[in-house]
Structure formats: C-alpha cells, structure tokens
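Residue numbers (my numbering), protein chains in the order written: chain A, 44 to 304; chain B, 2 to 261; chain C, 38 to 297. Note that the Cβ used here is the ideal one computed from N, Cα and C, for glycine as well. Let me begin by presenting the structure, written as structure tokens, before commenting on it.
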Amino acid sequence: MVWSVVYSICYSFGILGFLSEGPTLKHWISAIGNGEIASTTILSVGISLQVTLVSTAAAIGLVLLAPRGIESRTMMTMVSVLLGMPVAIHAFVVYQIFSGGGLVSRALHSVGLVGSPDEMPAMVNDGWSIGICIALTASSFPIVYLYFSQLWATLRLDKHCRLAECIGATRWQGKLRVALPMLLRKGRPMIAMSFLSNLGSFEIPLLLGRQSPQMFSVLTYRRSGLYDLARRPEAFAIATVYFGMCLIVLIVYLRWREHDE
Amino acid sequence: MNRLHRFFALLALWTLLAPVGMLVSLSIGSGWSYPRLLPDRIDLLPWRVFFASRDGIVTALLHSTMMSLLVSASSTLLGLVAGRSLRKHASLWLRVIAYIPFGVSPMVIGTCLYDLEVHLGVAGRMMGVLMAQFIFAFGFSTVLFCELWNTRTDRLESLVIELGGSRWSIWRHAIWPYAHRLILVSLLQTALYSWLDYGLISVLGGGNVPSITLTLYSYIREGSVNQAAQSGLVLMLPPVVGFAVSMSLLRPRHDGEKTN
Amino acid sequence: MSVPLPTSAPMDFVTPEVPRSVLQLRKIAHQFGSKIVLRNVSLDVFSGETLVILGDSGCGKTTLLNISAGRMEPTSGEVLIDQKSLASQSVRERRIIYLDQESLLFDHLNVFENVAFSLRLAHRPRDEVNRRVGEILRSVELEDHAQHSSWQLSGGQRQRTAFARAILANPKVLLLDEPFCSLDGRSRASMQELYIKLRADFQMTSVFVTHDVKEALRVGSRFAMMRDGMLKTYPSRQAFMEDESTGVSDEIRFWRETSE
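Structure, rendered in structure tokens:
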C-alpha cells in the first residue's frame with residue numbers, strides 16, 4: 044500500500060517510470076493545466092458528498108422510524124440481497140431502468156408520454172450524473188443502514204429514548220433530540236468511510252458516467268493505459284491527489300474513532 | 002410491527018424487488034425490443050444455452066471460486082495475528098496504513114501495483130491478481146480482528162494464565178469463544194471480496210485471468226442484456242447467501258430488561 | 038458500647054395532610070414461563086413518602102419495579118397512577134422515572150444540558166433554566182462540573198447528574214432500583230444523605246428497592262419486604278425492625294457483638 048502511494052508520487056514527478064526523464068513538474072502542470080484534476084476532483088467530491096448524504100439520511104431515517112426493523116426477517120432478506128448485489132449489477136439495473144430504451148422510458152411510452160428512446164430525458168451517461176448517484180446510493184445504503192441499526196442497539200438508544208419520554212419528551216422529540224445526535228456523533232467515522240468508499244468508486248461511473256469529466260478511479264484507469272505512455276505520469280498525478288484526499292479522510296476517521304473510544 | 006413500520010418495510014421491499022425482478026425477467030428472456038415492457042420471449046431456454054454453449058462460464062466460475070478460497074483462508078489467518086499486533090502496538094500512521102484497503106479504490110492501487118508486478122513477472126497471471134486481492138482482504142481482516150482484542154480479552158488471557166492454562170488453553174478458552182463468529186465473518190467477507198472483484202482483476206490480470214466479473218462486464222459491454230442478467234444472477238447468489246449468514250452472525254442484539 | 042444505628046425515620050417531609058395514593062398496584066401477578074415471580078401483589082405508594090422494598094436477589098423486586106414503571110406487562114392485575122390505568126397513558130403522561138445503578142446519561146450533552154433537558158423541552162426561558170439548573174447542580178454538588186461531558190464523570194457524579202435531571206423533570210413517582218449498589222462505601226453514604234436532603238427539598242414520592250438493611254433504614258419512610266414473589270408491608274418502622282425475617286435484628290446483633 045505504502046509502495047503504491049510512494050510510487051505514484053515518484054512517477055508523477057518523473058522520478059520513476061518507463062519514459063522517466065528525471066524530476067520534473069511538467070506532468071503536474073499538464074494535468075492541472077488541462078483542467079482534468081480540478082474537474083475530476085469537483086465531480087468526485089460532489090457525487091460522493093451527495094451520495095453519502097442521501098444514503099446516510101435514508102439509513103438514519105429508516106432506523107429512527109423502525110429501530111428494530113433489521114430484526115424482521117423481511118428486512119434482513121432485503122438488506123442481504125442489496126448487500127450481495129455487486130456494484131456492476133447496480134449499474135446494469137440502473138442502466139436498464141433509466142436509459143433511453145430502459146424500463147421507465149417504456150412505461151412512459153405505454154402511457155403516451157414518450158414516443159421513442161431519444162425523447163427520454165438523459166438519466167444515464169448524463170451531465171448531472173443522475174444514474175451514477177442512483178446506483179451509488181443503492182449500493183452504499185445497505186451497509187450504512189446496517190451500521191446504524193447496529194449502533195442503535197450498541198448505544199441502547201431504546202433506553203435513552205424511553206428515558207427522554209419519562210422526563211417529558213414526546214416520542215419524536217426523544218428520537219430527534221436524543222437518538223439522532225447520538226447516532227450522528229458516534230456514526231461520524233462510518234459517514235467518513237462511506238464518503239471515502241464513494242469517492243473511489245469505479246465500476247458504476249465506468250458504466251454510467253460520461254467521457255469527460257470522470258471520477259478519480261475511472262480517469263486514473265484510462266490515463267494509465269499503456270497505449271499512451273507519454274500521458275501515463277498524469278494518471279499518477281491524479282492518483283496522488285486522490286491518495287492525498289484519502290489520507291486526510293482516513294486521519295479524520297481515525298481521530299474520531301480514537302475520540303469515541 | 003406497527004402500521005407505519007409495515008408500510009416502510011413494504012415500500013423498501015418493492016423498491017428492492019423491482020430491480021431484482023427485472024434482472025430475473027431479463028435472464029429468462031430472449032430479446033427485449035422497444036417499447037415492450039417484458040422480454041420478447043420468456044422461457045428457460047436461455048439458461049440452458051447459457052451453461053451449455055459457454056465453456057468460458059464454467060472456467061470463470063472455477064477460477065473465481067478458487068481465488069476466493071485462497072484469498073479468504075490466507076487473509077483471515079494472517080489478519081487474526083496482525084489485528085492483535087495492530088491493537089497493541091499501532092501508532093496513528095500504522096493504523097492509517099491498515100485502513101487504506103478499507104477506503105481506497107482498488108483500481109487506483111492496482112494501477113500503481115501494475116508496474117511492480119511487471120518487475121516481479123506476475124502481471125497478467127493469477128499469482129499477481131491473488132497477491133493484490135490478498136493485500137486488500139488482509140487489510141480488511143486485520144481491521145476486523147483489531148476490534149476483537151480489547152481489555153476484556155486481555156483480562157481473560159491473564160485469567161487463563163493465572164489458572165495455569167497453556168498457550169492452547171488461551172486460544173481455546175479466552176480467544177475462540179469471542180473470535181469464532183468473527184473468523185467466519187472474515188472468511189465470508191474476504192471470499193466475497195475476491196469473488197466480486199473487478200478492478201484488480203481487470204488491471205492486473207490483463208484479460209488473461211478469467212473470472213465471473215469479467216464475463217459479466219464483457220456481456221454488458223457487448224450489450225447482451227439477457228446474458229448479462231444471467232451472469233449477474235450467478236454472480237449475486239453466493240454474496241446474498243454469504244451476507245445473510247454474516248448478518249445473522251453479527252445481528253444487533255438489543256438489551257433485554259433486567260427481569261429480576 | 039452500642040453502635041449508632043439509624044432507628045428513627047427522617048421526619049422532615051411529614052405533613053399533617055392525609056397522604057394521597059399516587060401509585061397503586063392491584064393484585065399484580067407475573068410469571069416467566071412456568072416460574073411464578075409475583076403473587077397477587079397489592080400496594081399503595083403515598084405522596085411524599087419513600088417506600089423501601091427490601092428483599093434477596095431474585096425475589097422479584099426488579100420485576101415489580103419494571104411493572105410499576107410500565108416497562109413490563111403483568112400477567113394479571115393492574116397498575117394505576119393518579120387513579121388512572123397506567124396502560125392507558127403514554128410514557129410521557131405517566132411521569133414515572135426509573136433510576137438504577139447504571140445512571141444513563143445522554144452522551145452528546147454535557148452535565149448542564151443533561152440536567153436541563155426537561156426544561157428545554159418545555160421551552161422554559163433561558164434565565165429560568167440557568168437559575169433552576171444552577172440551583173439543583175449546587176444541591177448535588179456538581180456546579181463545578183456543569184460543562185463536563187458524561188464520560189468525564191465518576192460513578193457517583195453520574196448518579197448525581199441523573200438524580201438532578203430526574204428531579205427537574207418533576208416526576209410523579211421516582212423508582213429507584215438499588216441505585217447506589219455499584220458505588221464505594223463513602224460515595225454510597227454520601228448519596229444516601231443527598232437523597233434524603235433532595236427528598237425533603239422537592240417532596241419526592243419514591244419506591245426504593247434495596248437489599249441492604251442499613252440503607253433501607255436510612256432512606257425509608259415506610260417499609261415492605263419481598264419474599265418468593267409476595268410483598269409484606271409494615272404499618273410502622275418499629276414493626277419492620279421487630280420482624281425477625283427482615284434481618285434487621287440480625288444486623289443489630291452483629292454490630293453489638295462486633296463492638297463489644
């Protein structure tokens with residue numbers, strides 16, 4: 044792992060590599076100059092933030108509504124199926140539902156709202172990354188939900204909510220003023236980890252994203268293609284930026300964990 | 002379960018069942034011409050064709066299974082020991098390194114590892130893929146087992162020693178009762194990690210190491226909707242069973258009230 | 038030489054009015070499977086009194102408190118709070134607070150905010166909140182810890198915070214399940230003193246469960262003994278002390294013999 048980070052830094056500065064010419068900043072200048080690093084960072088962070096927010100809000104909302112929902116066999120089966128669904132399948136299903144020729148378009152056609160696939164508003168490979176967000180949210184939701192369900196039990200929030208009710212809170216006041224802040228506080232590390240996992244997602248943006256801009260993993264993969272060795276160091280410049288962001292989030296994550304312990 | 006809970010459970014069930022149902026219907030269909038809502042023809046013939054005509058599928062299944070078993074066994078075994086060291090001796094930086102596989106994209110790491118594997122002569126070979134998958138799975142199991150070692154296990158270990166126990170007794174009486182469920186979870190999760198991996202296998206395998214994920218992607222890329230759905234279902238089956246087992250092992254246990 | 042034992046009830050809360058029954062238990066029976074835990078227990082808890090229930094471990098004291106708090110449904114019988122069925126009221130309406138040795142605090146709030154919780158819910162003006170919380174924190178000797186987090190407190194301090202919070206919520210009945218049993222001897226004695234003072238200051242009505250005879254005599258104003266699921270209430274302190282089965286006479290005999 045450390046080797047990967049160090050190698051990436053050295054490669055991006057021209058110290059290592061197939062066509063290395065010695066230390067240079069030209070690959071960084073090129074990657075920054077053509078706006079790829081900025082657009083990729085904005086896209087990746089934006090998508091990741093949005094997906095993390097939506098999946099966390101949905102998971103916490105569901106836990107607050109039905110704290111013991113995870114104990115039901117139905118819910119357990121559903122979460123297992125969602126967890127077991129590979130990300131590629133999420134992407135595939137989202138494509139088959141939301142693309143021009145997908146299920147939504149066909150359903151709209153049957154009620155006369157859409158005449159042909161071209162008339163369907165773009166929701167995959169689109170400029171707003173709607174398809175990526177839907178698929179990433181669906182894939183990250185179950186693990187976040189599972190975590191917060193577990194946290195509800197570990198923190199014994201049933202007892203805390205009941206206590207709040209005993210001293211004058213309504214059922215929802217108890218949940219919103221006691222359980223929610225406790226879940227958010229103790230769940231911060233998980234939220235950070237979920238953000239990180241979304242930031243580095245590959246399969247979903249590969250299948251549902253546009254040619255440009257692209258998320259970190261996809262761009263690194265495409266730039267590192269051996270068919271254009273001259274631009275390969277740019278892939279490592281992008282990877283280095285990505286590693287830097289990961290490092291910051293990981294340190295924050297571990298600090299929060301240590302604080303909680 | 003009250004009415005509100007039932008409503009949300011049903012809503013979630015439908016949200017989930019729709020895509021899975023669609024996947025199943027596409028897998029048993031032939032063609033899906035616009036604007037039909039269902040495949041043109043629905044029968045089990047495509048499944049027979051899928052397994053009969055594609056030797057590649059069986060090879061891919063065997064490769065994926067073998068890699069999963071090797072990666073899970075090795076990473077769980079070493080993760081158990083490494084988790085203990087991490088808990089006892091780790092500085093912040095060592096912990097950051099241990100957590101890298103948890104959050105960092107395998108694809109980006111794989112890209113950086115590629116050149117190293119070229120030098121080692123394992124790029125494009127199963128050994129190269131296994132090495133990279135092991136690094137990630139090992140990180141996962143190390144972090145998982147790191148949670149196992151705490152002051153309670155320390156006290157139990159001391160207690161077994163004070164009572165005259167051997168090294169084996171420590172494992173038998175102080176560690177195993179707490180570790181056995183986590184060991185099973187680690188075996189399952191690391192096996193599933195390897196089973197579902199696409200990033201590392203596509204970068205480091207260079208197309209020479211067959212796997213069920215690569216097969217699925219090739220179908221998706223070809224636009225073979227029905228076969229993609231079929232291979233997707235084959236790919237999904239072990240993880241669904243695995244996660245169901247893991248979840249029942251790590252199921253949240255709510256406090257019962259003290260009754261007496 | 039005689040050992041000073043608490044022989045008379047603290048009289049600081051006795052009023053000339055006829056006491057009103059706040060909590061009523063009517064023919065409560067409960068069983069877990071085939072094991073009968075409570076047998077036909079009837080009880081009245083009067084306004085301003087501390088009813089101490091003494092009994093050995095496993096005799097059903099906690100079950101009785103859980104049923105009184107509405108945390109458990111009895112197999113048969115009825116619980117009334119202010120003459121209204123407990124089952125017909127929401128947890129909030131009941132205004133019964135259950136405190137045990139654990140002293141559950143809201144971790145995301147500091148001591149001040151924990152204590153002020155009920156006042157904040159009632160949207161009391163800031164000045165009033167500051168004044169009342171300040172007063173109660175002074176009473177429980179925690180004014181210097183107002184800004185501390187719950188994890189920075191000792192067991193005794195946590196217990197005081199929980200007490201202060203409960204008192205400001207103005208409960209109809211306080212149910213105390215061996216609240217001081219996890220504290221060391223000195224903290225325990227100091228908490229008992231504090232409890233007596235607060236009870237007088239705030240006219241608290243409570244049911245206090247303990248298995249410690251000395252604690253019972255110190256804090257109680259009325260006494261009951263639980264044995265094999267049956268509850269025996271005593272008309273006076275004297276009657277309680279004279280009953281051989283309560284263990285009070287054994288305790289007195291022990292201290293006399295030890296001190297001679």
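Query                                                                                                                                                             : Result
Please confirm whether B/G84 has its beta-carbon closer than 8 Å to some beta-carbon of chain A.                                                                  : no
Keeping to the same chain, check which residues put their C-beta closer than 7 Å to that of C/A106; ignore five residues upstream and five downstream.            : I133, Y135, L212
Could you give the first and the last residue of the continuous beta strand (DSSP E) run that contains C/Q61?                                                     : 58-69
Please name the residue or residues paired with C/L268 in a DSSP beta bridge.                                                                                     : C/M263
For A/R214, go through chain B and note every residue whose CB falls closer than 8 Å to its CB, in chain order.                                                   : Going along chain B, no residue has its Cβ under 8 Å from A/R214, so there is no contact; the nearest lies around 11 Å.
Check each residue of the stretch 137-152 of chain C: if its Cβ is closer than 7 Å to any Cβ of chain A, include it; give the result in chain order.              : L141, F143, D144, H145
Could you confirm whether any beta carbon from chain B is found closer than 8 Å to the beta carbon of A/M233?                                                     : no
Given this structure, state the Cα-to-Cα distance separating C/T100 from C/L75, to the nearest angstrom.                                                          : 8 Å
As a quick exercise: from A/E277, A/M258, A/Q257, A/P256, pick the residue whose alpha carbon is nearest that of A/L266.                                          : A quick correction: the sequence has Arg, not Leu, at residue 266 of chain A. Comparing Cα-Cα distances from A/R266 to each of A/E277, A/M258, A/Q257, A/P256, the minimum goes to A/E277.
How about C/F154: is its C-beta nearer than 8 Å to some C-beta of chain A?                                                                                        : yes
Buried or exposed for B/V105, please, with buried defined as at least 16 other CB atoms from any protein chain shown within 10 angstroms of its CB.               : buried
So, is the C-beta of A/K202 closer than 8 Å to a C-beta in chain C?                                                                                               : yes
Pick from A/L297, A/H302, A/D303: whose alpha carbon is nearest that of B/R96?                                                                                    : A/L297
Answer with buried or exposed for C/S187, where buried requires no fewer than 16 other C-beta atoms within 10 angstroms of its C-beta.                            : buried
If the cut-off is 9 Å on Cβ atoms, which residues from the stretch 189-210 of chain B count as contacting chain A, listed in chain order?                         : L193, W196, L197, Y199, G200, S203, V204
Taking the CB atoms as reference points, tell me whether C/V59 and C/V210 lie closer together than 8 Å.                                                           : yes
I'd like to know if C/T52 contacts chain A, where contact means its C-beta is closer than 8 Å to some C-beta of that chain.                                       : With a pLDDT of 48 at C/T52, under the threshold of 50, the predicted position of this residue should be treated as unreliable, though the coordinate-derived value follows. No, its Cβ sits nowhere closer than 8 Å to a Cβ of chain A.
Let me see if you follow: with CB-CB separation under 8 Å, is A/A131 close to chain B or not?                                                                     : yes
Compare the C-alpha of B/V210 against each of B/L62, B/R49, B/S26 and name the closest.                                                                           : B/L62
Grab me the residues of C/C218's own chain with a C-beta within less than 7 Å of its C-beta, minus the 5 sequence neighbours each way, in chain order.            : Q138
Take B/L45 as the anchor and find which of B/R222, B/V241, B/Q231 has the nearest alpha-carbon.                                                                   : B/Q231
In terms of residues, what are the limits of the beta strand (DSSP E) holding C/G92?                                                                              : 87-92
Which residues of chain F have a Cβ atom closer than 9 Å to the Cβ of C/Y135, listed in chain order?                                                              : Among the protein chains in the structure shown, which are A, B and C, there is no chain F.
If the cut-off is 9 Å on Cβ atoms, which residues from the stretch 75-86 of chain A count as contacting chain B, listed in chain order?                           : none
Closer than 8 Å is the cut-off here; do at least three beta carbon pairs connect the stretch 161-168 of chain A with the stretch 127-143 of chain A?              : yes
For a test of the three-state rule: what should DSSP assign to B/R126, helix, strand or coil?                                                                     : coil
Under 8 Å, with one C-beta from each stretch per pair, do the stretch 156-164 of chain B and the stretch 68-80 of chain B reach the 3-pair mark?                  : no
Counting beta carbon pairs with one atom in the stretch 137-157 of chain C and one in the stretch 200-211 of chain A, are three or more of them shorter than 8 Å? : yes
Let's see if you can read the secondary structure: which residues bound the alpha helix (DSSP H) around A/V147?                                                   : 146-153
Report the residues of the stretch 158-170 of chain A with a CB closer than 9 Å to any CB of chain B, ordered along the chain.                                    : S159, P160
Among B/G243, B/G122, B/L238, B/T214, which residue has its Cα nearest to the Cα of B/A229?                                                                       : B/T214
Distance, Cα to Cα, B/L164 vs B/A180?                                                                                                                             : 21 Å
Exposed or buried, B/S65, counting other C-beta atoms within 10 Å across all chains shown (16 or more means buried)?                                              : buried
Can you give me the Cβ contacts of C/A46 inside the same chain, cut-off strictly under 8 Å, excluding the 5 residues immediately before and after it?             : Its pLDDT being 43, under 50, C/A46 is placed unreliably in this model, and the value from its coordinates should be taken loosely. Cβ within range, chain order: G257, S258, R274.
Report the rounded CA-to-CA distance for A/F238 versus A/T99, giving the unit in angstroms.                                                                       : 10 Å
Nearest to A/S244 by alpha carbon, out of A/V137, A/V147, A/I175, A/L105?                                                                                         : A/I175
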